[in-house]
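Numbering (the working numbering), first residue to last: 10 to 488. C-beta atoms are modelled at their ideal positions from N, C-alpha and C, and glycine is treated no differently. Worksheet for the structure shown next.
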């Protein structure tokens, strides 16, 4: 198994604390003891970081944030001091007020430990409840030790283009011919951004991403893979998903315990071109009328995302602004709909902002969050008579949720809300008719048999074990 594909580097530290908000009743200020506040710091670099502050009050409610390098003084004393100076008009470096979901912290010092404090405060400077606080450190990659990073002449790195790997076709493959047994990993950088002096930073970030990924994988699947299992020795190859552009492949050496060995090699610049779309893949593109077993129709559009790999669906529930990625399996000539985050920090109502998810639900009125990872909801395939239909995923899998619908939900704070009444969303089994053709014949009316189709489509798509443990949650319509 190739564990290095699709690794995303992200550092997140999250802490929760309870704070008291304020509300007005006939001009009187009241305490709201149920107001909760949560801080998350992510995307930490040497000089910047992103802070996310969420709470269960009104989205328009403001909070105050303080960034400090004082790691010893009690939070309450720091807040009291800074609020006093703020009210006296003296201000305080690092203090700011916001009602935004995301704030960018810039101008940070490399290799420095910071503390970020968030709290509620009235217009008169009265703070309420507990204080939310978290700490983080910026990395310091320092000066590159040119003697530490040494080019390994025993590694020949080449871009070989399209081919077969792990008995699967790939468009972009990198091969390594090795004359020694030093362990290594392979990654890709944009050609115009390659910087020899940044190799140590690249090696560090890749190593951290590999550690984070294998920890997640082991936790989700009950496995016990080690860092050494992600490394190659001798001749090897890896596959990557690339957009069109110029790249270089970089091989970086590591020890089996995760230390950077200092060895590296790099390919010549190469041009990744978009593959030609297959006729089968192109047959899915365009406008479709989807009509559910409940006779509800939806006009959708499927456009190219990654050629022969995935599409972007728009129009579901009438929403054009939030494309949903739909994976394409060329070996099955079928589309797979999965749960996913589709948009962040959007204006959901006139007073509320939140994140938009695409999730699955059942006939009992429950939805299933993807807090523990994305999961398959439905499959669009071609029946023996040429009819295209969308059926629920997991028909032959015991304990897998019996999905009947897929839909958008808004996550506001920690709660999810439906955007469309479930009676207005197509249910499975759904027929797909080319073009915007209302009054299409539903598959239930045609007596569609799905067992053979489902047996074929699910043979190669067994989900991770943790997907069987999805928890149903009652749906609630947004007000």
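Alpha-carbon spacing of residue 429 relative to residue 50, whole angstroms: The sequence position of residue 429 within the chain shown is 420, counting from 1. The sequence position of residue 50 within the chain shown is 41, counting from 1. Straight-line Cα distance between these residues: approximately 32 Å.
Sufficient close CB pairs (3 or more, under 8 Å) joining the region 220 to 237 to the region 284 to 295: no
Host beta strand (DSSP E) of residue 186 (start-end): Locating residue 186 in the chain shown gives position 177, counting from the first residue. Note, residue 186: beta strand (DSSP E), 177 to 187.
Cβ neighbours of residue 435 in the same chain (closer than 6 Å, five flanking residues each side left out): Along the chain shown, read from residue 1 onward, the residue named residue 435 stands at position 426. Excluding sequence neighbours, residue 435 sits near 299, 301, 305 and 307.
Ranges of the beta strand (DSSP E) found wholly within the region 200 to 258, counting only runs of at least 3: As for any beta strand (DSSP E) of minimum length 3 sitting wholly inside the region 200 to 258, the runs are 245 to 248, ordered along the chain.
Buried or exposed by the 16-neighbour rule on C-beta atoms within 10 Å, applied to residue 96: As a position in the chain shown, residue 96 is number 87, starting the count at 1. Only exposed fits residue 96, as fewer than 16 other CB atoms lie within 10 angstroms of its CB.
Burial state of residue 202, where buried means 16 or more other Cβ atoms lie within 10 Å: As a working mapping, residue 202 is identified with position 193 in the chain shown. With fewer than 16 Cβ atoms within 10 Å of its Cβ, residue 202 is classed as exposed.
Residue 335 in three-state terms, based on DSSP: The residue you call residue 335 lines up with position 326 of the chain shown. Here residue 335 sits in strand by DSSP.
Residue 297 - partner residues in DSSP beta bridges: Here the question's residue 297 lines up with position 288 in the chain shown. Answer by DSSP bridge pairing, in chain order: 309 and 443.
Per DSSP, the bridge partner or partners of residue 262: As a first step, residue 262 is located in the chain shown; it is residue number 253 there, counting from the start. Residue 262 pairs with 193.
Backbone CA spacing between residue 384 and residue 402 [nearest angstrom]: Here residue 384 refers to the residue found at position 375 of the chain shown. Here residue 402 refers to the residue found at position 393 of the chain shown. Computed Cα separation, rounded: 10 Å.
Sequence-distant residues of its chain with Cβ nearer than 8 Å to residue 333 (five each side left out): Position 324 of the chain shown, counted from the start, is the residue given in the question as residue 333. Sequence-distant partners of residue 333 (beyond 5 residues in either direction) whose C-beta falls short of 8 Å from its own C-beta, in its chain, are 321, 322, 323, 325, 346, 349, 351 and 367.
Three-state class that DSSP yields for residue 302 in the structure shown: Sequence index remark: in the chain shown, residue 302 carries index 293 (1-based). Reduced to three states, the DSSP call for residue 302 is coil.
At least 3 beta-carbon pairs within less than 8 Å: the region 418 to 428 vs the region 386 to 404: no
Exposed unless 16 or more other CB atoms sit within 10 angstroms - verdict on residue 172: Position 163 of the chain shown, counted from the first residue, corresponds to residue 172. That one is exposed.
Closest Cα partner of residue 440 within the set 410, 388, 433 and 417: The sequence position of residue 440 within the chain shown is 431, counting from 1. Of the candidates 410, 388, 433 and 417, the one whose C-alpha sits nearest the C-alpha of residue 440 is 388.
Every unbroken beta strand (DSSP E) within the region 367 to 395, with a cutoff of 3 residues, ordered by chain: 375 to 377 and 385 to 391
Limits of the unbroken beta strand (DSSP E) element including residue 122: As a first step, residue 122 is located in the chain shown; it is residue number 113 there, counting from the start. For residue 122, the enclosing beta strand (DSSP E) has its first and last residue at 122 to 130.
CA nearest to the CA of residue 271, picked from 262, 277 and 377: Taking the chain shown and counting its residues from 1, the one referred to as residue 271 is at position 262. Nearest C-alpha to residue 271: 262.
Buried or exposed (CB count within 10 angstroms, at least 16 for buried), residue 415: Within the chain shown, numbered from 1, the residue matching residue 415 stands at position 406. With 16 or more Cβ atoms within 10 Å of its Cβ, residue 415 is classed as buried.
Pair within 9 Å by beta-carbon distance, residue 213 and residue 275: Position 204 of the chain shown, counted from the first residue, corresponds to residue 213. Position 266 of the chain shown, counted from the first residue, corresponds to residue 275. No, the pair does not count as a contact, with Cβ atoms beyond the cut-off.
8 Å contact criterion, which residue 166 and residue 260 should meet: CB distance rounded: Position 157 of the chain shown, counted from the first residue, corresponds to residue 166. Position 251 of the chain shown, counted from the first residue, corresponds to residue 260. The beta carbons of residue 166 and residue 260 sit about 5 Å from each other, so the pair counts as a contact at 8 Å.
Cα-Cα separation, residue 83 to residue 65: Looking up residue 83 in the chain shown gives position 74. Looking up residue 65 in the chain shown gives position 56. Rounded to whole angstroms, residue 83 to residue 65 spans 26 Å at the Cα level.
Counterpart residues of residue 173 in DSSP-defined beta bridges: Taking the chain shown and counting its residues from 1, the one referred to as residue 173 is at position 164. According to DSSP, residue 173 bridges with 178.
Contact check, residue 80 vs residue 47, beta carbons under 9 Å: Position 71 of the chain shown, counted from the start, is the residue given in the question as residue 80. Position 38 of the chain shown, counted from the start, is the residue given in the question as residue 47. Cβ atoms of residue 80 and residue 47: not closer than 9 Å.
Proximity winner among 252, 216 and 254, relative to residue 237 (alpha-carbon distances): Numbered from 1 along the chain shown, position 228 holds the residue referred to as residue 237. When only C-alpha atoms are compared, the closest one is 216.
Boundaries (first-last residue) of the beta strand (DSSP E) holding residue 404: Counting from 1 along the chain shown, the entry for residue 404 is found at position 395. First-last for residue 404: undefined, no H or E at that position.
9 Å Cβ cutoff met for residue 229 and residue 382: The residue you call residue 229 lines up with position 220 of the chain shown. The residue you call residue 382 lines up with position 373 of the chain shown. Cβ atoms of residue 229 and residue 382: closer than 9 Å.
Proximal residues to residue 356 (C-beta, below 6 Å), its chain only, five neighbours per side dropped: Walking along the chain shown from the start, residue 356 turns up at place 347. Contacts found: 362.
For residue 485, the nearest candidate out of 411, 425 and 279 (CA to CA): Here the question's residue 485 lines up with position 476 in the chain shown. With distances taken between Cα atoms, residue 485 lies closest to 425.
Residue interval of the beta strand (DSSP E) (run including residue 286): Residue 286 sits at position 277 when you count from the first residue of the chain shown. Taken as a continuous stretch (DSSP letters only), residue 286 belongs to no beta strand (DSSP E), as it is neither H nor E.
Which residues DSSP lists as bridging residue 59, in chain order: Numbered from its first residue, the chain shown carries residue 59 at position 50. Answer is 51 and 113.
Cβ separation of residue 174 and residue 248, assumed to be a contact under 8 Å, to the nearest whole Å: Taking the first residue of the chain shown as 1, we reach residue 174 at position 165. Taking the first residue of the chain shown as 1, we reach residue 248 at position 239. The Cβ separation is near 5 Å, so the contact holds.
Of the listed residues 295, 310 and 344, nearest to residue 319 (C-alpha basis): Within the chain shown, numbered from 1, the residue matching residue 319 stands at position 310. If we check each option's Cα against that of residue 319, 344 comes out closest.
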